[in-house]
Amino acid sequence: MPKNNINNETPMEKLMTLAGDSLLNYLAAAAREQSLNNADTLFGQKEEEITPTFNLLGPTLEQRKKYLQIALNNGLIEAREIISQLPQSEKILIEVGTPMIKIYGLRAIREIKMLSPESYIVADAKVADLAEREVALLAGAGANAATCLGVAPLETIEEFINACENYKIDSMLDMMNVESSIAVLKKLKKLPSVVILHRGVDETEFSKEKVIPYYQIKQIKGRFNLMVSVAGGDTPLEIQSAFFNDADIVVVWKNFMQADESIGQLADSFLKEIR
Amino acid sequence: MLLNRRLKYLQIAFNRSLPEVETMINLLPPSDRILIEAGTSFIKNYGVSGISQLVSIWEWRLGHKGYIVADLKCMDRGFTEVKAAADAGASAATCLGLAPIETINDFIKSCLEIGIDSMVDMMNVEFPFEVLQKLKKMPDIVVLHRGVDEQLNKEKMIPHHNINRIKGAYNVFISVAGGEGLKDVTRTFFNGGDIAVVWRPFYNEPNLTTQLAEQFLTRIKGHAKE
């Protein structure tokens, strides 16, 4: 090892270099011993009950209204900036995006709920398995709605819808990469609160020919009593098209990706569109 | 690929709370044949800091860096998630076989660039072959999977028959998830699977972590190619 590295070592590292493997082994054995002692008390307890405290009196969606859902995907600092620039409106829903949840965990939902306690928070967790457990965690963190993948096993989707009902949050079923949304909905015993028609970001980037299936909005709303959300459009024209085609919620993210001064104005103009 | 193609592995998925997972990992026998999986709900709970905690706990237990799988189940925007998991110290990440082909291709490319193993999870995919045929490049590992919620449906079987069909056509490692007993793990290795993923026995009886892991490891040794 080069000399300067030794000089930069912390006291703990120095001790380890001096004592070599025997100390490491001793410490690892001590950790194991401690774990054995912990095991009985730790695993004897029941798993912590998760009580959804925030969402019982929180904002709710109304079927006749139109909403703009703003997806936050770019880290907590930018999320803070974006939220600070948004106009106060019950018609603006805040989405904690999938990368945010996977990078920060439930902390992302908790912090955004703290920043904007009055807002309706959508946790875009894209549940694909273990639905009950995930919904419990998301609801416990303060989400008002959670998303599940329409391509997930039917058992998972049903478990998800039931769990959302139990935890008093809205269930959103994301139809990304689903060929026939109606075929999925027909198989379900219970309907979700919202269906999301979705063109993924990668799809948008790499396959320009894939379009958002607006025609499905009316098909779905004609057959089922639920709200339809449209995600994957990122131009004002696409947002107009979505509402014109009877979408209840439009999800935007690209224009909101980088926080800048125009965010407030953008949200204002979207709000005008949906009036 | 970071794994040795000649060896068989046991992947243990963790979804309990961090203090519990830490205790359980410390109870595991220190073996390179054990891969530690940060389960999807664990990641959604703790984020990438949860992954880096598992990396250091397992490294401490093994005495050197171990293999950590981040079960991200990517469905879109693979690069962001893969990069974050790799930065946290993960050795592999998962993408859903149900995701758009563009996402899977981008996921595999990102994993290769970043230097971690790519796993494509075929949960709820009726014909894994059809997905593999459409890809520009093969992933390192294909996961044949019966989901936890699907296990409520007794008719759904783990597709062991697909293992040799896929391995016959493509040079990939096969991991099998969704079988939980010793019998299932034996069946996985007997049918040519390279990695058996287990979850429930450890989740249900964390107290027995040491004994369970040792039992499962004997099944690997029985099928070692060394």
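Protein chains in written order, with the numbering used here: chain A, 137 to 411; chain B, 4 to 229.
Here a beta-carbon is modelled for each residue, glycine too, at the ideal position from N, C-alpha and C.
Nearest to residue i by alpha carbon, out of the options?
i, options, result
"Asp74 of chain B", "B:Asn167, B:Ile104, B:Leu38 and B:Pro103", "B:Leu38"
"Ser52 of chain B", "B:Asp90, B:Arg19 and B:Met27", "B:Asp90"
"Ser220 of chain A", "A:Leu242, A:Glu374 and A:Gln401", "A:Gln401"
"Leu309 of chain A", "A:Gly286, A:Ile245, A:Ile257 and A:Ile206", "A:Gly286"
"Ile228 of chain A", "A:Glu214, A:Ser252 and A:Gly336", "A:Ser252"
"Lys86 of chain B", "B:Asn174, B:Gly100 and B:Phe110", "B:Phe110"
"His163 of chain B", "B:Ala172, B:Gly181, B:Asn174 and B:Val175", "B:Gly181"
"Ser316 of chain A", "A:Tyr351, A:Ala275, A:Lys202 and A:Lys249", "A:Tyr351"
"Thr292 of chain A", "A:Tyr240, A:Ile305, A:Ala383 and A:Val320", "A:Val320"
"Met363 of chain A", "A:Pro372, A:Thr371, A:Phe379 and A:Ile375", "A:Phe379"
"Trp202 of chain B", "B:Ser34, B:Gly81, B:Gly184 and B:Gln218", "B:Gly184"
"Ala199 of chain B", "B:Ile15, B:Arg9 and B:Leu115", "B:Ile15"
"Lys139 of chain B", "B:Leu31, B:Asn210, B:Leu147 and B:Leu115", "B:Leu115"
"Ala267 of chain A", "A:Ser255, A:Glu294, A:Arg246 and A:Tyr256", "A:Glu294"
"Glu198 of chain A", "A:Glu226, A:Pro289, A:Glu214 and A:Gly276", "A:Glu226"
"Ser121 of chain B", "B:Thr43, B:Phe130, B:Asp143 and B:Gly92", "B:Asp143"
Could you name the residues of chain B that residue i contacts, counting a contact when the two beta carbons are closer than 7 Å?
i, result
"Tyr240 of chain A", "Gly50"
"Ser171 of chain A", "Thr26, Asn29 and Leu30"
"Glu295 of chain A", "Asp152"
"Ala281 of chain A", "Those do not exist, as Ala281 of chain A stays about 15 Å from chain B at its closest Cβ, beyond 7 Å."
"Ala383 of chain A", "Chain B residues near Ala383 of chain A: none, gap ~20 Å exceeds 7 Å."
"Asn174 of chain A", "Thr26"
What in chain A is Cβ-close to residue i, meaning under 7 Å?
i, result
"Leu57 of chain B", "Residues of chain A passing the Cβ test: none, with the nearest at roughly 13 Å."
"Asn127 of chain B", "Val287, Ala288 and Pro289"
"Ser44 of chain B", "Leu266, Arg269, Glu270 and Leu273"
"Thr83 of chain B", "Pro235"
If you follow the beta strand (DSSP E) that residue i is part of, which residue opens it and which one closes it?
i, result
"His334 of chain A", "Val330 to His334"
"Gln205 of chain A", "Tyr203 to Leu208"
"Ile230 of chain A", "Ile228 to Val232"
"Gln136 of chain B", "Where Gln136 of chain B is concerned, there is no enclosing beta strand (DSSP E), although the alpha helix (DSSP H) it sits in stretches over Pro131 to Lys137."
"Ser178 of chain B", "Phe176 to Ala180"
"Ser317 of chain A", "That residue, Ser317 of chain A, is in no beta strand (DSSP E); its alpha helix (DSSP H) goes Ser317 to Lys323."
"Tyr70 of chain B", "No beta strand (DSSP E) holds Tyr70 of chain B; DSSP gives it neither H nor E."
"Thr97 of chain B", "Ala95 to Leu99"
"Lys262 of chain A", "Tyr256 to Val263"
Please look up how many angstroms separate the CB atoms of residue i and residue j, rounded, as I've assumed it's under 8 Å.
i, j, result
"Ile166 of chain B", "Gly118 of chain B", "The Cβ separation is near 27 Å, so there is no contact."
"Val263 of chain A", "Ala282 of chain A", "7 Å"
"Asp265 of chain A", "Asp152 of chain B", "6 Å"
"Lys11 of chain B", "Ile223 of chain B", "5 Å"
"Thr97 of chain B", "Asp124 of chain B", "5 Å"
"Tyr89 of chain A", "Ile385 of chain A", "Because chain A in this structure spans residues 137 to 411, residue 89 of chain A falls outside the shown range and cannot be described."
"Asn161 of chain A", "Thr26 of chain B", "19 Å between Cβ atoms; not a contact."
"Pro32 of chain B", "Ala172 of chain B", "Pro32 of chain B to Ala172 of chain B, Cβ: 35 Å. No contact."
"Asp338 of chain A", "Thr106 of chain B", "4 Å"
"Met311 of chain A", "Met78 of chain B", "Not confirmed; about 12 Å, so no contact."
"Val134 of chain B", "Gly100 of chain B", "5 Å"
So is the beta-carbon of residue i under 6 Å away from any non-hydrogen atom of the ligand NAP?
i, result
"Val263 of chain A", "Of the ligands one can find in the structure shown there are none, so the ligand NAP has no counterpart to examine."
Closer than 7 Å by beta-carbon distance: list the chain C residues that pair up with residue i, in chain order.
i, result
"Asn313 of chain A", "Absent from the structure: chain C. Protein chains present are A and B."
Between which two residues does the alpha helix (DSSP H) harbouring residue i extend?
i, result
"Glu268 of chain A", "Ala267 to Ala277"
"Leu212 of chain A", "Leu212 to Gln221"
"Ile117 of chain B", "Ile104 to Ile117"
"Leu21 of chain B", "Leu21 to Leu30"
"Tyr49 of chain B", "Thr43 to Leu65"
"Val85 of chain B", "Gly81 to Asp90"
"His164 of chain B", "His164 to Ala172"
"Leu373 of chain A", "Pro372 to Phe380"
"Met250 of chain A", "Leu242 to Leu251"
"Ala299 of chain A", "Leu290 to Asn302"
"Gln352 of chain A", "Tyr351 to Arg359"
Find the residues of chain A that neighbour residue i, judging by a C-beta separation of less than 9 Å, and give them in chain order.
i, result
"Asp187 of chain B", "Ordered by position in chain A, no residue passes the 9 Å Cβ test against Asp187 of chain B, which lies about 17 Å from the chain."
"Gly53 of chain B", "Gly241"
Counting only Cβ pairs nearer than 9 Å, list the residues of chain B close to residue i.
i, result
"Asn302 of chain A", "Per Cβ cutoff of 9 Å: no residues; Asn302 of chain A is ~15 Å from chain B at best."
"Ala319 of chain A", "Result: empty, since nearest Cβ-Cβ is about 14 Å, beyond 9 Å."
"Ala164 of chain A", "Asn29, Pro33, Trp63, Arg64, Leu65 and Gly66"
"Thr196 of chain A", "By Cβ distance, chain B contributes nothing, its closest Cβ being about 24 Å from Thr196 of chain A, past 9 Å."
Against residue i, what residues of chain B qualify as contacts under a CB-to-CB distance less than 8 Å, listed in chain order?
i, result
"Ala167 of chain A", "Asn29, Trp63 and Arg64"
"Ile237 of chain A", "Lys47 and Gly50"
*Identify each residue in the stretch 257 to 275 of chain A for which the Cβ-Cβ distance to at least one residue of chain B is less than 7 Å, and report them in chain order.*
For the stretch 257 to 275 of chain A, which is checked against every Cβ of chain B, the residues closer than 7 Å are Ala261, Lys262, Ala264, Asp265, Leu266, Ala267, Arg269, Glu270 and Leu273.
*Using a beta-carbon distance cut-off of less than 7 Å, what residues from the stretch 64 to 80 of chain B approach chain A?*
Listed by position, the residues of the stretch 64 to 80 of chain B near chain A (Cβ gap below 7 Å) are Arg64, Gly66, Leu75, Lys76, Met78, Asp79 and Arg80.
*Between the stretch 165 to 185 of chain B and chain A, which residues of the former have CB atoms less than 7 Å from a CB of the latter, in chain order?*
Of all residues in the stretch 165 to 185 of chain B, none has a Cβ within less than 7 Å of some Cβ in chain A.
*Using Cβ-Cβ distances below 7 Å, what residues of the stretch 85 to 96 of chain B are close to chain A?*
Hits within the stretch, in order: Ala87.
*Name, going along the chain, the residues of the stretch 356 to 377 of chain A whose beta-carbon falls closer than 7 Å to a beta-carbon of chain B.*
When C-beta distances to chain B are compared with 7 Å, every residue of the stretch 356 to 377 of chain A stays at or above that value.
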